[in-house]
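Q:
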Amino acid sequence: MTQDDLASDKISRSMISLIEIAKTDLTVSKVKIIADTLHVHPRDLFDFD
Numbered sequence: 001m002t003q004d005d006l007a008s009d010k011i012s013r014s015m016i017s018l019i020e021i022a023k024t025d026l027t028v029s030k031v032k033i034i035a036d037t038l039h040v041h042p043r044d045l046f047d048f049d
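Given below as structure tokens:
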């Protein structure tokens, strides 16, 4: 999956890039948008082990 695939009208490709390289804070709302785009639960985006 590319950044363009993940980007939407709610979150830009440039924001995805900044999140990927840890140059911006990730908010709960951004986590929800990404999870919805991936069709997963938000907790699935984190490694809690």
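At position 32 of the sequence shown the residue is numbered 32 (our numbering), and the sequence of numbers has no breaks. Built from N, CA and C at the ideal position, the CB exists for glycine as well. Note that the structure is predicted; figures quoted are calculated from it, not measured.
#1: Answer with buried or exposed for I19, where buried requires no fewer than 16 other C-beta atoms within 10 angstroms of its C-beta.
#2: May I have the straight-line CA-CA distance separating F48 from V31, to the nearest angstrom?
#3: Over what stretch of residues does the alpha helix (DSSP H) that includes S17 continue unbroken?
#4: Cβ of A7 within 8 Å of Cβ of R13?
#5: Alpha carbon to alpha carbon, what distance is there between I16 and H41?
A: Working from what's here:
#1: buried
#2: 15 Å
#3: R13 to E20
#4: yes
#5: 18 Å
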